[in-house]
Each structure stands twice: as C-alpha cells, then as structure tokens.
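Residue numbers (my numbering): 296 to 539.
We put the CB at the ideal spot given by N, CA and C, even for glycine.
Every value quoted in this text rests on a predicted model; they were computed, and no experiment measured them.
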Amino acid sequence: MRKVMSQLCVVSLSVWSLVACQTAPQPAPKKPAPQVASPQSRPAPKPLNTREQNIKRLLADADYALSQDQLLMPLNDNAHDRYHAVLLLDPGNSEAKTGLQAITLRYLELARSAAARSRYAEAQAHLKNARDMDPNNPLVEEFAVVLRKEIANQKPPTPYKPGPNEHMLDAKALSAKNPGLIAQLNDLAQLARESGDLVMIHARNDAEGRWIYQRMREAVPGFLLRGDIRIAQQPRIQFVPRLQ
Numbered sequence: 296m297r298k299v300m301s302q303l304c305v306v307s308l309s310v311w312s313l314v315a316c317q318t319a320p321q322p323a324p325k326k327p328a329p330q331v332a333s334p335q336s337r338p339a340p341k342p343l344n345t346r347e348q349n350i351k352r353l354l355a356d357a358d359y360a361l362s363q364d365q366l367l368m369p370l371n372d373n374a375h376d377r378y379h380a381v382l383l384l385d386p387g388n389s390e391a392k393t394g395l396q397a398i399t400l401r402y403l404e405l406a407r408s409a410a411a412r413s414r415y416a417e418a419q420a421h422l423k424n425a426r427d428m429d430p431n432n433p434l435v436e437e438f439a440v441v442l443r444k445e446i447a448n449q450k451p452p453t454p455y456k457p458g459p460n461e462h463m464l465d466a467k468a469l470s471a472k473n474p475g476l477i478a479q480l481n482d483l484a485q486l487a488r489e490s491g492d493l494v495m496i497h498a499r500n501d502a503e504g505r506w507i508y509q510r511m512r513e514a515v516p517g518f519l520l521r522g523d524i525r526i527a528q529q530p531r532i533q534f535v536p537r538l539q
C-alpha cells in the first residue's frame with residue numbers, strides 16, 4: 296500500500312510539473328529589426344520635367360510682357376511670341392490661348408483710345424493687329440465699321456512738316472517695297488552707323504515698322520541698330536542723338 300501511494304505521489308508531481316510548464320507565460324517573440332534599404336536598392340529620384348518647366352516660365356514671361364503692352368513688339372521679346380512658343384510645346388494649353396485672346400482685346404482697346412483722340416492712323420494700325428490676331432472676332436468687325444464712319448467724316452489731314460533729323464519715306468513706295476525706297480533705307484542705315492544716333496522708325500503699323508527695321512539692319516551687318524518703332528500716319532525715319 297505504501298508503495299502504491301508513493302507511486303501515485305510521483306505521478307501527481309510529474310503531472311503538476313507538466314501542467315505548470317504548459318501554463319506558464321511564454322516570452323513574446325522578438326520582432327525582426329526593420330531592414331534599411333541600401334543606397335543601391337533605393338528608387339532613383341523622379342527626374343524634373345523640363346517641358347513643364349519651360350511652359351511655366353514662358354507663360355510667366357508672356358503674362359508680364361502683356362502687362363507691359365509688349366504685344367507684338369519688341370522683336371523676340373513680346374507676349375505673342377511667347378504664347379505661341381507655349382502652344383508649340385502644348386497645343387491645347389488653355390492659358391496660352393486665353394493670352395492670345397487678351398492680346399486681341401488689348402489691341403482693340405488701344406484702337407478705340409486712339410480713335411477717341413482722332414489719331415485714326417494709329418487706330419487703324421491697332422485694329423489691323425487685332426484682326427490679324429483673331430480675324431473672326433465680332434467685336435473687331437463691329438469697331439471697324441465705327442472707325443470707317445469716323446474717318447469718312449473727318450477733315451482732310453494737313454500735310455506733315457518734317458522736323459529736325461527726320462527723313463520722309465514715300466508711303467506708296469513703301470507699300471510696294473520699291474527698290475528705290477530700299478536703297479534709301481540702306482543709306483539711312485549707313486548714316487545711323489556713322490553718327491551713332493538712335494533710329495526712331497515712324498510707320499503706319501507694326502508690320503511695316505518691323506520690315507523697315509529689318510531692311511536697315513541688313514544694310515549694316517555687325518552693327519547693332521538701336522531705336523524704336525512708333526505708329527504714325529506719315530512714314531519717316533528720325534535720328535535722335537544719344538545723351539552723352
């Protein structure tokens with residue numbers, strides 16, 4: 296009997312030890328340390344979009360030129376050229392299209408202002424630029440009708456008297472781009488190079504003024520012809536001495 300009880304005690308102790316071991320709290324498994332990607336395995340930074348940067352810069356420059364009334368002039372530094380440059384990169388760009396429309400409306404505004412001061416040649420030049428920008432704009436055609444009536448009712452203009460250092464250009468010869476007139480422009484360009492004076496080009500519209508400037512510049516290769524273009528009824532070249 297004692298032997299049996301001893302055996303039972305041994306079994307009981309064994310079972311208790313087994314249960315204690317199975318029910319004792321086990322330590323939580325350690326989380327693996329986060330792996331840090333080596334420089335070789337990191338993704339390369341996204342390259343900058345040069346096209347988008349160019350568009351953003353061109354739009355900013357175009358908007359500034361528009362605010363300064365640099366609409367079609369000066370050459371290579373105007374709102375029109377920059378908006379068109381944007382459309383070459385992004386044909387559907389809405390900001391550039393809106394900018395071109397704004398140029399049309401600004402020329403129309405300038406035409407109305409000039410007509411209100413009876414400066415009809417200037418008004419016609421601005422109106423032509425507005426029509427060139429947007430031929431189908433109804434506001435442009437509406438003002439064209441008004442301007443024609445005002446011009447028809449005006450008094451005959453008095454002949455223009457040239458001022459100091461002014462050289463008259465024959466309007467008909469200029470319209471026909473007569474070789475004799477081109478020779479006159481070549482001679483005037485030579486005088487400008489010799490004197491170093493600024494050249495003020497008085498033309499009936501921007502396109503005519505730019506054509507005159509181009510002919511004179513070609514006559515003096517390597518010389519920087521400095522000056523400006525102004526809208527006037529009587530085409531002429533004026534030399535303005537530089538301030539010392």
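Requested in this report: Give the single residue among Gln348, Leu403, Ala447 and Tyr359 whose Cα lies nearest to the Cα of leucine 384.
Outcome: Gln348
**Report entry** alanine 418 classed as buried or exposed, judged by whether at least 16 other C-beta atoms fall within 10 angstroms
**Finding:** buried
Query raised in the report: Does the distance from the C-beta atom of glutamate 461 to that of arginine 531 stay below 8 angstroms?
Result: In this structure, arginine 531 lies closer than 8 angstroms to glutamate 461 by Cβ.
Query raised in the report: Quick one, which of Pro459, Asp465 and Asp482 has its alpha-carbon nearest phenylalanine 534's?
Result: Pro459
**Report entry** 7 angstroms CB neighbourhood of leucine 353 in its chain, flanking five on each side removed
**Finding:** Arg377, Ala380 and Val381
Query raised in the report: Which of the three DSSP states, helix, strand or coil, is assigned to methionine 428?
Result: Helix, per DSSP.
**Report entry** Status (buried if at least 16 other CB within 10 Å, exposed otherwise) for asparagine 500
**Finding:** buried
Requested in this report: Starting from the N-terminal side, write out each stretch of the alpha helix (DSSP H) that is 4 residues or longer and does not extend beyond the region 363–424.
Outcome: DSSP runs (the alpha helix (DSSP H)) wholly in the region 363–424: 374–384 and 389–411.
Query raised in the report: Are alanine 468 and alanine 514 touching if we call contact CB-CB under 8 angstroms?
Result: no
Report task. Kindly examine the ligand NAP and report whether one of its heavy atoms sits closer than 7 angstroms to the Cβ of isoleucine 350. Result -> Questions concerning the ligand NAP fall outside what the structure shown contains, since it holds no ligand whatsoever.
Requested in this report: Could you name the residues of the same chain whose beta carbon sits closer than 8 angstroms to that of leucine 476, not counting the 5 residues immediately before and after it, in chain order?
Outcome: Leu464, Asp465, Ala468 and Leu469
Query - Closest by C-alpha distance to isoleucine 526, when choosing among Pro454, Ile496 and Thr393 - result: Ile496
Query raised in the report: Apart from the five residues on each side of it in sequence, which residues of its chain come closer than 7 angstroms, Cβ to Cβ, to phenylalanine 617?
Result: No statement about residue 617 is possible, as the shown extent of the chain runs from 296 to 539 and does not include it.
Query - Candidates Tyr455, Asn424, Lys450 and Val440: closest to glutamine 528 by CA position - result: That would be Tyr455, whose Cα lies nearest to the Cα of glutamine 528.
Report task. Let me know the secondary structure DSSP gives valine 535 once reduced to three states. Result -> It is a strand residue.
Query raised in the report: So, is threonine 399 buried or exposed, given that buried needs 16 or more other C-beta atoms within 10 angstroms?
Result: buried
Query raised in the report: For glutamate 390, which of Leu367, Arg510, Gln509 and Asp356 has the nearest alpha-carbon?
Result: Asp356
Requested in this report: Please list the segments of the beta strand (DSSP E) lying wholly inside the region 439–519, counting only runs of 3 or more residues, in order along the chain.
Outcome: 461–463 and 493–498
Query raised in the report: Taking the DSSP output, what are the residues bridged to isoleucine 524?
Result: According to DSSP, residue pairing for isoleucine 524 in a beta bridge involves Ile496.
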